[in-house]
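Below is one structure, written out as structure tokens; comments come after it.
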Amino acid sequence: MKKIHVASIVLAFSLSACGGSSSSTSTPATPNNPQSTATAEGFWSGTTNTGRSISGLVLDDGTTWFIYTSATNNQLIAGAIEGNGVSNNGSFTSTNSVDFNLEGAGVRTATVSASYTPKQTLTGTVSYPSAGNLTFTSTYDASYETTPNLALLVGNYSGVSAVKAGTEAGVASVDANGNFQSTGTSGCKSSGTISPHKKGNVYNLTLQYGPSPCATPGGTVTGVVFYQATTSQLFGLAINATRDNGLIFLGKKI
1 MKKIHVASIV LAFSLSACGG SSSSTSTPAT PNNPQSTATA EGFWSGTTNT
51 GRSISGLVLD DGTTWFIYTS ATNNQLIAGA IEGNGVSNNG SFTSTNSVDF
101 NLEGAGVRTA TVSASYTPKQ TLTGTVSYPS AGNLTFTSTY DASYETTPNL
151 ALLVGNYSGV SAVKAGTEAG VASVDANGNF QSTGTSGCKS SGTISPHKKG
201 NVYNLTLQYG PSPCATPGGT VTGVVFYQAT TSQLFGLAIN ATRDNGLIFL
251 GKKI
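Numbered by our numbering, the letters in the sequence shown go through residues 1 to 254 in order.
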């Protein structure tokens, strides 16, 4: 697969860029949005032993979503890792992760083993059956503890998306009810919904592709959306039910 070039939409891949909100529009966590103090839950941002930037989150149910950049250019998104993990007394493990790689490796299975200090550090190893290991260190971003606000996402976006077949530029929109619509330069249309996740400053995404010329006609992916209010950037990660294809979307409000 081709890489997504960040170009003028500079994320720097700190979690304050992926998931944070501006202080003027965010609301502190409330009793209805309590944050865990004993697990690896939260936003995390750091680097790998190969010089990549890595950012992502561990949700309240243990689901993980991480993105990483090229080893030679931190302005290139090189892939994403999705999985389900378990936190246990400072140890986090995911045995069913998949790496959705945009550098030609395709979709690979992986395991993640990490140690964590709640709301401080997450350090570990991503292991591949036939491709060696990747180690990483990351720190916690407290922007996870603000309450998501769907109204901030409303608007039109210009961006680029990647699936297993390749990348494509396009436009997208989000309305006040969280309805998501997108059209690629090929004419592929997709639609879905975005809604605040029950915990953390993150949104749930469900997206269905339209008919041909979409690369996966009628296919459905589910995942998460991050939004950065200060830069008007929207970033989505999603995967299909069989976990052999996914979506990476990066857009800027226009």
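Here a beta-carbon is modelled for each residue, glycine too, at the ideal position from N, C-alpha and C.
Check your understanding: Under the rule that 16 or more other beta-carbon atoms within 10 Å means buried, what is ALA172, buried or exposed?
Key -> Here ALA172 is buried: its Cβ has 16 or more other Cβ atoms, across all protein chains shown, within 10 Å.
Check your understanding: Using a Cβ-Cβ cut-off of 6 Å (strictly less than) and excluding sequence neighbours within five positions of GLU103, which residues of its own chain qualify?
Key -> Excluding positions up to five away in sequence, the list reads ALA78.
Practice item. Tell me, to the nearest whole angstrom, how far the beta carbon of SER55 is from that of THR139; I am working on the premise that it is less than 8 Å. Key: That belief does not hold up - the Cβ atoms of SER55 and THR139 are roughly 11 Å apart, past 8 Å.
Exercise for review: Grab the span of the beta strand (DSSP E) containing PRO196 for me, first residue to last.
Suggested key: 189 to 196 is the extent of the beta strand (DSSP E) around PRO196.
Review point. How many Å lie between GLY85 and ALA40 at the Cα?
Key: Looking at the two C-alpha atoms, the distance is approximately 9 Å.
Review point. What are the boundary residues of the beta strand (DSSP E) that includes TYR209?
Key: Where TYR209 is concerned, the enclosing beta strand (DSSP E) stretches over 203 to 209.
Review point. So does the stretch 123 to 143 actually touch the stretch 153 to 171, counting three or more Cβ pairs closer than 8 Å?
Key: Taking a cut-off of 8 Å on C-beta distances, the stretch 123 to 143 does not touch the stretch 153 to 171, as fewer than three cross pairs fall below it.
Check your understanding: Quick one: Cα of ILE254 to Cα of THR231, how far?
Key -> Their Cα atoms are separated by approximately 11 Å.
Practice item. Assign GLY246 to one of two classes, buried (16 or more other C-beta atoms within 10 Å of its C-beta) or exposed (fewer than that). Key: Around the beta carbon of GLY246, 16 or more other beta carbons sit within 10 angstroms, so the residue counts as buried.
Check your understanding: Around the C-beta of GLN228, are 16 or more other C-beta atoms found within 10 angstroms, so that it is buried, or is it exposed?
Key -> Per the 10 Å Cβ criterion, buried.
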